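So the structure is just underneath, and the comments pick up after that.
Residue numbers (my numbering): 769 to 998.
Here it is, written out as C-alpha cells:
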C-alpha cells in the first residue's frame, strides 16, 4: 500500500517500507508524512544522512499530482490510467468522494465494478481517516481543469499503448499525456489488440506478456520518434 511507486518517492523502496511497517511507524500512505528523523534513526541501516535524504524525498513528494495521489491511496481496480481519467473529471479528492456511481461510470475505463469499488473505498471509516491525515499534511492536490491539449498531428490515432517500468525522463502521467496528445490510447493491460508496449526500467509482468503475444516494444526515444512521425 505504500511504495516508491505509490507517491514516486526516490529512495523509498520496499525494504524500507517493510521496516517502517514492522516498526509500527507507518500504517497507510498518509503516515509517511508524519515521520521524523528520530523515527528513521531507529531502523537498521539508517544513519543521519540516509534519514535526512529520505525525509527530504518524502517532503518533496507533497506536490504530486491528483492522479498520483489517487493511485497512491490504493482503490481496488483503479490503476494509473484510471487515476488520470478520474483526475480529469474531479477537481480534488473531496469531489471524487462525493461522486455518484452514475457519474463514475461515465468516465472512460470505469465500469460498474470499479465504480462501486471507488464508492466503497470512500465509505470506509479507516479510509476517511487516511484522507483527513493527507489533508492535514498538506497533500490535497487540485486538478488543473484549464489545461488544454495542444493541437498536433494525430500520428498515433488508432493505436493502443501499455506502459510498464520507469522511463528516463517521463512519468507515467506525462507518457500517457504525450500518447493521447498525438491521438493514441493508453490501457492498463496487454492484449492481442495492444499496438505497442512502452518499456522502461524495472518492468513488470506486462513485459513478459507483451513478448509472448508478439506486441511491438518501444523505449521512450522510440515513442517520441513514432509520435513525431519519424
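C-beta: ideal position from N, C-alpha, C; glycine also. Bear in mind the structure is a predicted one, so any value in this text is a computation, not a measurement.
Cβ neighbours of residue 784 within its own chain (closer than 8 Å, five residues either side excluded): 811, 822.
Around the beta carbon of residue 952, 16 or more other beta carbons sit within 10 angstroms, so the residue counts as buried. Exclusion of the five residues before and after residue 864 leaves 838, 854, 858, 886, 890 as the residues of its chain whose Cβ lies within less than 8 Å of its Cβ. The continuous stretches of beta strand (DSSP E) do not include residue 949, which lies in the alpha helix (DSSP H) extending over residues 940-949. When only Cα atoms are considered, residue 856 and residue 895 end up about 22 Å apart. Here residue 981 is exposed: its Cβ has fewer than 16 other Cβ atoms, across all protein chains shown, within 10 Å. For residue 929, the enclosing beta strand (DSSP E) stretches over residues 928-932.
As DSSP reads the structure, residue 801 sits in no beta bridge. Look at residue 993 here: in three-state DSSP terms it is helix. Here DSSP, grouped into helix, strand and coil, assigns residue 837 to helix. In this chain, the beta strand (DSSP E) harbouring residue 965 covers 964-967. For the 9 Å CB-CB criterion, residue 816 and residue 809 form a contact. In this structure, residue 860 and residue 925 do not form a Cβ contact; the two beta carbons are roughly 32 Å apart against a cut-off of 8 Å. Cα atoms of residue 877 and residue 788: separation of roughly 34 Å, rounded to the nearest angstrom.
Under the DSSP definition of a beta bridge, residue 986 partners with 966. When the alpha-carbon of residue 961 is set against those of 941, 929, 969, 971, the nearest one is in 929.
Counting only residues of its own chain and dropping the five nearest sequence neighbours on each side, residue 971 has a CB closer than 7 Å to the CB of 932, 933. Taken in chain order, the whole alpha helix (DSSP H) runs of length 4 or more contained in the segment 869-912 are 869-873, 880-891, 893-904. In the structure shown, residue 961 falls within a coil segment according to DSSP collapsed to helix, strand and coil.
Within a 10 Å sphere around the beta-carbon of residue 850 sit 16 or more other beta-carbons, which makes this residue buried.
Within the same chain, 952, 963 come within 6 Å of residue 927 by CB-CB distance, once the 5 residues on both sides are set aside.
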